[in-house]
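Participant:
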Amino acid sequence: MIEIRFHGRGGQGAVVASKVLAVAFFHEGLYVQSFPAFGVERRGAPVMAFLRVDREPIQLRVNIYKPDHIIVLDPTLIGAVDVTSGLKPNGWILINSGHPPETFNDLKDFKIATVDATSIAIRNGLGSRTNPIVNTAILGAFSKVSGLVGIDSIALSIREETPGKKNENAKAAREAYNEVKFEIRSTKSETISNDKNPKFKTNDS
Amino acid sequence: MKRVITGNQAVAYGVILSRVDVVSAYPITPQTTIVEELSELIASGRLKTRFLKVESEHSAMAALIGASTGGVRCFTATSSHGLAYMHEMLHWASGARLPIVMVNVNRAIGPPWNIWSDQSDSLSQRDTGWIQLYCENNQEVLDTILQAYLIAEKVKLPVMVVLDAFVLSHTSEPVEVPSMEEVDSFLPPFCPDYPIDTQEPRAYSVITMPEHFMEFRYKIQKAMEEVPDVSKKVDDEFRSRFGRGYGAIERYGKEEAEVLLMTSGTVTSTSRTVIRKLNEDGLSVAGLKIKRFRPFPSEEIYGAIKGAKKLAVIDRNLSAGVGGIFAQELRASLYPREERPQVFGFVSGLGGRDITPELIGQAIQYTVEHPQPEEEILWLGLKR
Numbered sequence: 002m003i004e005i006r007f008h009g010r011g012g013q014g015a016v017v018a019s020k021v022l023a024v025a026f027f028h029e030g031l032y033v034q035s036f037p038a039f040g041v042e043r044r045g046a047p048v049m050a051f052l053r054v055d056r057e058p059i060q061l062r063v064n065i066y067k068p069d070h071i072i073v074l075d076p077t078l079i080g081a082v083d084v085t086s087g088l089k090p091n092g093w094i095l096i097n098s099g100h101p102p103e104t105f106n107d108l109k110d111f112k113i114a115t116v117d118a119t120s121i122a123i124r125n126g127l128g129s130r131t132n133p134i135v136n137t138a139i140l141g142a143f144s145k146v147s148g149l150v151g152i153d154s155i156a157l158s159i160r161e162e163t164p165g166k167k168n169e170n171a172k173a174a175r176e177a178y179n180e181v182k183f184e185i186r187s188t189k190s191e192t193i194s195n196d197k198n199p200k201f202k203t204n205d206s
Numbered sequence: 019m020k021r022v023i024t025g026n027q028a029v030a031y032g033v034i035l036s037r038v039d040v041v042s043a044y045p046i047t048p049q050t051t052i053v054e055e056l057s058e059l060i061a062s063g064r065l066k067t068r069f070l071k072v073e074s075e076h077s078a079m080a081a082l083i084g085a086s087t088g089g090v091r092c093f094t095a096t097s098s099h100g101l102a103y104m105h106e107m108l109h110w111a112s113g114a115r116l117p118i119v120m121v122n123v124n125r126a127i128g129p130p131w132n133i134w135s136d137q138s139d140s141l142s143q144r145d146t147g148w149i150q151l152y153c154e155n156n157q158e159v160l161d162t163i164l165q166a167y168l169i170a171e172k173v174k175l176p177v178m179v180v181l182d183a184f185v186l187s188h189t190s191e192p193v194e195v196p197s198m199e200e201v202d203s204f205l206p207p208f209c210p211d212y213p214i215d216t217q218e219p220r221a222y223s224v225i226t227m228p229e230h231f232m233e234f235r236y237k238i239q240k241a242m243e244e245v246p247d248v249s250k251k252v253d254d255e256f257r258s259r260f261g262r263g264y265g266a267i268e269r270y271g272k273e274e275a276e277v278l279l280m281t282s283g284t285v286t287s288t289s290r291t292v293i294r295k296l297n298e299d300g301l302s303v304a305g306l307k308i309k310r311f312r313p314f315p316s317e318e319i320y321g322a323i324k325g326a327k328k329l330a331v332i333d334r335n336l337s338a339g340v341g342g343i344f345a346q347e348l349r350a351s352l353y354p355r356e357e358r359p360q361v362f363g364f365v366s367g368l369g370g371r372d373i374t375p376e377l378i379g380q381a382i383q384y385t386v387e388h389p390q391p392e393e394e395i396l397w398l399g400l401k402r
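Heads up: the sequence lines are chains V and H, in that order. Mapping the first sequence onto the numbering used here, position 77 (from 1) lands on 78, and the numbers just tick up by one. Mapping the second sequence onto the numbering used here, position 293 (from 1) lands on 311, and the numbers just tick up by one.
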């Protein structure tokens, strides 16, 4: 099983991102469970969303405490909330930031990737300059960095799950896929064979 | 067709596929998105259902009582304080023998204010004459709505379908959504015995003297006693058509287990993972899911626990002064029996606190290690 945690701010679309990514995995023949942090949401306040993916139906119905990977939609959350809480060693932290991964040296125990999802969103007319919609772009970057889910599945899911600007959202994801910055290190991730999704791996080790 | 949807969307699909004629509801978290979804479909003309806007949950149920008496299929959804506010009308719906189906999304009742999962809302309505069915995943939610109309209309009693706040209501997962044609062949249109008809006027629910009142209540009890047979037939029919069925209870895990864990709602789902692991490790333990709380499945449970020495019950609810309600009902149902396993009554997860695999494991371990419980209420995960 793979567990992913999203950090964002109320209104940024972290919950939708978790659902879109769930549907992308679902299209690759996997079982998914996507849910928001069960709180009272306020615009601008730190929020979380979660995703479980497995080859078997998912019966575990509790919060995610030890995620395999983290996706951060707003870099100002780093330091404000403990984004690495419970993150498994070898897990990715994917951050929406125009700065290179080395900028986040405080998090150097983990693998860091950055993508300027804000600029990509603005370039594609998603949201406004002050409130860009970054949740679709960052999923394209996740596809590239994690290698767990194909960019075509992400694009298909975006078309199905986003209410408007489907082409622009899908294009933003593909641009983020190409522009994401990360250091390639060898990982101990164990590959589990899966007929429909040979890429699906876990870091349970 | 399989779709990734929330528990609340699964409810909405169930309502649409059941060809419900009238919906009336008042918003309350975490139920709101059910009627939001339905009202949007109705407003855009895609769903030919009447939506009656009301100023409270009491009025929502009152409106459905009128609609159901008129002879149409009805639906509402609520949670927590909204359900409590409906209380008087819940008695009316069952007393008038109206096959209304309602979803209650389990949520704690304040104060202190809390919007998270807790069964105390639905269980405090246990004496209102409603059938109560609890669900553990979104597929079961959708399927149970379809079954609920058939059961309700056969026995002429209202049904409450219950799901956990957020853990199901706001969680998306794959659900097989059957086609309209498949559901139509399973669930025929509602044909009431005594619909309102101006050509044949009748009086409904008039004052009834002591010489007749008791017989009305006796008939409700008799209708409740029909529920096990009726719901089994409905479930069997459902299984033959859709390949899925649930039963009033379900036993899983090791066959010859001396320790059984009894749960309801989503706690069952998580418990399945715990019990599978313990069985793999060689521990002789099994699980018992309780889907139907009213009428309480005493016969089914007794049949499923033969040989068990101890029953651990996890209640996500509290009747202050007594303890967990499922445990109390279980103790009462076992008392007249020959074999009476020890009941360990755990209370956990109130107000949405996570009932983790670790806590479930602790409950099982305690039950295995103790010949009898040290306290009548065993608090699981309590900060003392």
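Don't be surprised by glycine CBs; every beta carbon is placed ideally from N, CA and C.
In the DSSP assignment, the alpha helix (DSSP H) including H:Trp110 goes from what residue to what residue?
Facilitator: Unbroken alpha helix (DSSP H) run through H:Trp110: His105 to Gly113.
Participant: Which residues of chain V have a Cβ atom closer than 9 Å to the Cβ of H:Val90, listed in chain order?
Facilitator: The contacting residues do not exist; H:Val90 stays about 33 Å from chain V at best.
Participant: Can you name the residues that DSSP bridges to V:Gly9?
Facilitator: Looking at the DSSP assignment, V:Gly9 forms a beta bridge with V:Val48.
Participant: Sort out for me which residues DSSP pairs H:Ile23 with in a bridge.
Facilitator: Note: H:Ile23 sits in a beta bridge opposite H:Glu191.
Participant: Taking 8 Å as the cut-off, decide whether the C-beta atoms of H:Glu255 and H:Phe204 are in contact.
Facilitator: Yes, the Cβ-Cβ distance between H:Glu255 and H:Phe204 is below 8 Å.
Participant: What is the rounded straight-line gap between the Cα of V:Pro76 and the Cα of V:Asn91?
Facilitator: Their Cα atoms are separated by approximately 20 Å.
Participant: When you compare the region 270-282 of chain H with the region 116-129 of chain H, are there three or more beta-carbon pairs, one atom per stretch, that lie closer than 8 Å?
Facilitator: In short, these stretches do not touch, since the Cβ pair count stays below three.
Participant: For the region 12-32 of chain V, enumerate the residues whose C-beta is nearer than 7 Å to any C-beta of chain H, in chain order.
Facilitator: So the close ones are Lys20, Ala23, Val24, Phe27 and Tyr32.
Participant: Can you list the residues of chain H that V:Leu61 reaches, using a CB-CB cut of under 8 Å?
Facilitator: The contacting residues are Ser287, Thr288, Thr291 and Pro375.
Participant: Where do the N-terminal and C-terminal ends of the alpha helix (DSSP H) with H:Gln239 fall, by residue?
Facilitator: Taken as a continuous stretch (DSSP letters only), the alpha helix (DSSP H) holding H:Gln239 covers Pro228 to Phe260.
Participant: Listing by chain order, which chain H residues have their CB less than 9 Å from the CB of V:Asn136?
Facilitator: By Cβ distance, chain H contributes nothing, its closest Cβ being about 15 Å from V:Asn136, past 9 Å.
Participant: Do V:Lys182 and V:Gly116 come within 8 Å of each other at the CB atom, strictly closer than that value?
Facilitator: Here residue 116 of chain V is Val; the residue named in the question, Gly, does not match the sequence. Yes. Within cutoff.
Participant: Expressed to the nearest angstrom, what Euclidean distance is found between the alpha-carbon atoms of H:Asp161 and H:Asn335?
Facilitator: Cα to Cα, the separation comes out at about 25 Å.
Participant: Using a Cβ-Cβ distance cut-off of 8 Å, determine whether V:Phe36 contacts chain B.
Facilitator: Absent from the structure: chain B. Protein chains present are V and H.
Participant: Helix, strand or coil for H:Val361, going by three-state DSSP, please let me know.
Facilitator: Strand at H:Val361.
Participant: How would you list, in chain order, the residues of chain V whose beta-carbon sits under 7 Å from the beta-carbon of H:Gly370?
Facilitator: Going along chain V in sequence order, the residues near H:Gly370 (Cβ under 7 Å) are Phe39.
Participant: What beta strand (DSSP E) runs, 3 residues minimum, are completely inside the region 305-389 of chain H?
Facilitator: Listed in chain order, they are 310-312, 328-333 and 360-366.
Participant: Would you decide whether H:Trp134 is buried or exposed? Buried here means 16 or more other CB atoms lie within 10 Å of its CB.
Facilitator: By the 10 Å Cβ count, H:Trp134 comes out buried.
Participant: Is it buried or exposed for H:Pro117, if we count other Cβ within 10 angstroms and need 16 for buried?
Facilitator: Counting Cβ neighbours within 10 Å, H:Pro117 comes out buried, since at least 16 surround it.
Participant: Any idea what DSSP makes of H:Leu151, helix, strand or coil?
Facilitator: Reduced to three states, the DSSP call for H:Leu151 is strand.
Participant: Taking Cβ positions only, does V:Pro64 come closer than 8 Å to chain H?
Facilitator: Residue 64 of chain V is actually Asn in this sequence, not Pro. It does; some Cβ of chain H falls within 8 Å.
Participant: Please classify V:Glu176 as buried or exposed, where buried requires at least 16 neighbouring CB atoms within 10 angstroms.
Facilitator: So V:Glu176 ends up on the buried side.
Participant: If you draw a straight line from the alpha carbon of V:Val16 to that of H:Tyr152, how long is it in whole angstroms?
Facilitator: Looking at the two C-alpha atoms, the distance is approximately 26 Å.
Participant: Looking at chain V, which residues of the region 170-190 of chain H have a Cβ within less than 7 Å of any of its Cβ atoms?
Facilitator: Of all residues in the region 170-190 of chain H, Phe184, Val185, His188, Thr189 and Ser190 have a Cβ within less than 7 Å of some Cβ in chain V.
Participant: Report the residues of the region 21-49 of chain H with a CB closer than 7 Å to any CB of chain V, ordered along the chain.
Facilitator: Listed by position along the chain: Val22.
Participant: Check whether chain V comes within 8 Å of H:Arg284, counting only Cβ atoms and requiring the distance to be less than that.
Facilitator: For the sequence presented, residue 284 of chain H should be read as Thr rather than Arg. Cβ-Cβ to chain V under 8 Å: yes for H:Thr284.
Participant: Quick one: grab the DSSP three-state call for V:Val63.
Facilitator: Here V:Val63 sits in coil by DSSP.
Participant: Using a cut-off of 9 Å between C-beta atoms, extract the partners of H:Pro129 located in chain V.
Facilitator: Residues of chain V passing the Cβ test: none, with the nearest at roughly 16 Å.
Participant: Provide the residue span of the alpha helix (DSSP H) that contains H:Arg294, from first to last.
Facilitator: Per DSSP, H:Arg294 belongs to the alpha helix (DSSP H) from Thr284 to Glu298.
Participant: Helix, strand or coil, according to DSSP, for H:Asp182 in the structure here?
Facilitator: If DSSP states are grouped into helix, strand and coil, H:Asp182 belongs with the strands.
Participant: Would H:Ile343 and H:Ile267 be called neighbours here (beta carbons separated by less than 8 Å)?
Facilitator: Contact: no.
Participant: With DSSP collapsed to three states, give me the class of H:Gly100.
Facilitator: DSSP places H:Gly100 in helix when its eight states are reduced to three.
Participant: Taking the C-alpha atoms as reference points, what is the distance between V:Thr137 and H:Arg358?
Facilitator: Looking at the two C-alpha atoms, the distance is approximately 57 Å.
Participant: The alpha helix (DSSP H) that contains H:Glu203, what's its start and end?
Facilitator: Note that residue 203 of chain H is Ser in the sequence shown here, rather than Glu. Looking at the DSSP string, the run of the alpha helix (DSSP H) that includes H:Ser203 is Met198 to Phe204.
Participant: For the alpha helix (DSSP H) holding H:Ala43, just list the boundary residues, first then last.
Facilitator: H:Ala43 -> not in any alpha helix (DSSP H); beta strand (DSSP E) instead, spanning Val40 to Ala43.
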